[in-house]
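Per the UniProt record's numbering, the sequence shown starts with residue 1, numbered consecutively.
Beta carbons are placed, not taken as given, at the ideal position from N, Cα and C, and that holds for glycine.
Heads up: the structure comes next, in structure tokens.
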Amino acid sequence: MAYHVKQRLEELIPLLEMIDTPWAIRDDNFLNVFMNEAALRYNIIPKGFDIAGRHDTEIPVGWSEFADQYQAQDEKVIGKQQSLSIIETYNWYGESNLTPYVCDKHPVYLEGEVIGTVWSSVPFKLFTPLEYVDNKQGKFVSSIPPTDIFTSAELRIVFFLINKNTAKQIAKRLSLAERTIQNHIASIYQKADVSSLGQFLEYSTHTGLDCYLPEEFVFRGTKYI
Numbered sequence: 001m002a003y004h005v006k007q008r009l010e011e012l013i014p015l016l017e018m019i020d021t022p023w024a025i026r027d028d029n030f031l032n033v034f035m036n037e038a039a040l041r042y043n044i045i046p047k048g049f050d051i052a053g054r055h056d057t058e059i060p061v062g063w064s065e066f067a068d069q070y071q072a073q074d075e076k077v078i079g080k081q082q083s084l085s086i087i088e089t090y091n092w093y094g095e096s097n098l099t100p101y102v103c104d105k106h107p108v109y110l111e112g113e114v115i116g117t118v119w120s121s122v123p124f125k126l127f128t129p130l131e132y133v134d135n136k137q138g139k140f141v142s143s144i145p146p147t148d149i150f151t152s153a154e155l156r157i158v159f160f161l162i163n164k165n166t167a168k169q170i171a172k173r174l175s176l177a178e179r180t181i182q183n184h185i186a187s188i189y190q191k192a193d194v195s196s197l198g199q200f201l202e203y204s205t206h207t208g209l210d211c212y213l214p215e216e217f218v219f220r221g222t223k224y225i
């Protein structure tokens with residue numbers, strides 16, 4: 001996807017102002033031009049702070065530590081003249097938990113030349129091929145557990161169980177004894193009132209555990225998709 005303007009980047013502002021999801025514009029010097037209201041909230045911009053003409057490093061927010069990553073991504077969009085998508089993880093909207101979002105970046109053209117970029121962000125969703133076949137919607141990934149019946153140690157194991165790791169594999173990942181993992185799995189099954197992995201996977205789908213990502217496995221920053 002690409003956007004075209006007749007004279008300047010600011011022509012896109014009226015369009016983006018009407019969108020209730022985060023959208024923003026940056027110029028080819030990697031300076032911020034505009035953020036709509038949703039983007040200002042998403043980026044936790046202090047009230048009254050003018051982002052126009054400022055580099056990310058000049059904005060008093062924690063995610064400014066990703067400025068070099070964002071600039072490198074913009075350079076790719078501008079240099080290759082093509083869109084790209086990243087996963088960006090931070091305490092967006094000022095939330096206490098880290099949350100991954102998908103950010104799409106697109107080139108903006110003026111008379112055939114790229115003069116900037118536009119970006120938008122939406123929550124990261126899991127979408128399996130079977131869900132596509134069954135015409136189901138994807139689910140939001142979250143680092144907030146959907147149930148409080150499991151301990152933190154059990155939730156770590158739940159994550160790997162759902163991804164079909166064996167007790168031996170989980171033990172290796174978590175540097176624990178296999179017997180310890182087996183005992184935890186028995187406790188997890190008992191709490192979920194199931195007796196097999198298949199039943200637990202069904203339970204996880206029903207409760208939303210299948211989209212749970214323990215925060216200790218979540219890292220601030222960006223990744224290319």
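At which residues does the beta strand (DSSP E) containing isoleucine 87 begin and terminate?
Looking at the DSSP string, the run of the beta strand (DSSP E) that includes isoleucine 87 is 84 to 90.
Taking the alpha carbon of leucine 84 as the point to measure from, which residue in Ala72, Gly94, Tyr93 has its own alpha carbon closest?
Looking at the Cα atoms, Ala72 is the closest of the given residues.
Kindly list the residues whose CB is nearer than 6 Å to the CB of phenylalanine 160, restricted to its own chain and excluding five residues on each side of it in sequence; keep chain order.
The residues are Ile170.
So, do the region 116 to 124 and the region 21 to 37 have three or more beta carbon pairs nearer to each other than 8 Å?
Touching, yes, given that three or more Cβ pairs across the two stretches are closer than 8 Å.
Does DSSP put asparagine 183 in a helix, in a strand, or in coil?
The answer is helix: DSSP assigns asparagine 183 an H, G or I state.
With DSSP run on the structure shown, which of helix, strand or coil describes leucine 110?
Assignment of leucine 110 by DSSP, reduced to helix, strand and coil, places it in the strand class.
Are the beta-carbon atoms belonging to asparagine 43 and tryptophan 63 less than 8 Å from one another?
Closer than 8 Å, so yes.
Can you give me the Cβ contacts of glycine 138 inside the same chain, cut-off strictly under 7 Å, excluding the 5 residues immediately before and after it?
Here glycine 138 has Lys125, Leu126, Phe127, Glu131 as same chain residues with Cβ atoms under 7 Å from its own Cβ, once five neighbours each way along the sequence are excluded.
In angstroms with no decimal places, state the Cα-to-Cα distance between arginine 173 and threonine 151.
For arginine 173 and threonine 151, the distance between alpha carbons rounds to 18 Å.
Under 8 Å by Cβ, that's how I've got isoleucine 162 and leucine 213 pegged, so tell me the actual separation to the nearest angstrom.
About 10 Å; that fails the 8 Å criterion.
Might you give, ordered along the chain, the residues of its own chain that have their beta carbon closer than 6 Å to the beta carbon of arginine 156, omitting 5 neighbours on each side?
Cβ-Cβ distances below 6 Å link arginine 156 to Pro214 in the same chain, with the five nearest sequence neighbours on each side left out; the list follows chain order.
Three-state secondary structure (DSSP) of isoleucine 144:
Reduced to three states, the DSSP call for isoleucine 144 is coil.
Integer-rounded CB distance, given that aspartate 50 should sit under 8 Å from tyrosine 70:
About 19 Å separates the CB atoms of tyrosine 70 and aspartate 50; that is not less than 8 Å, and the two are not in contact.
Span separating the alpha-carbon of serine 196 from that of threonine 180:
Roughly 18 Å separates the two Cα atoms.
Three-state secondary structure (DSSP) at isoleucine 162?
Helix, per DSSP.
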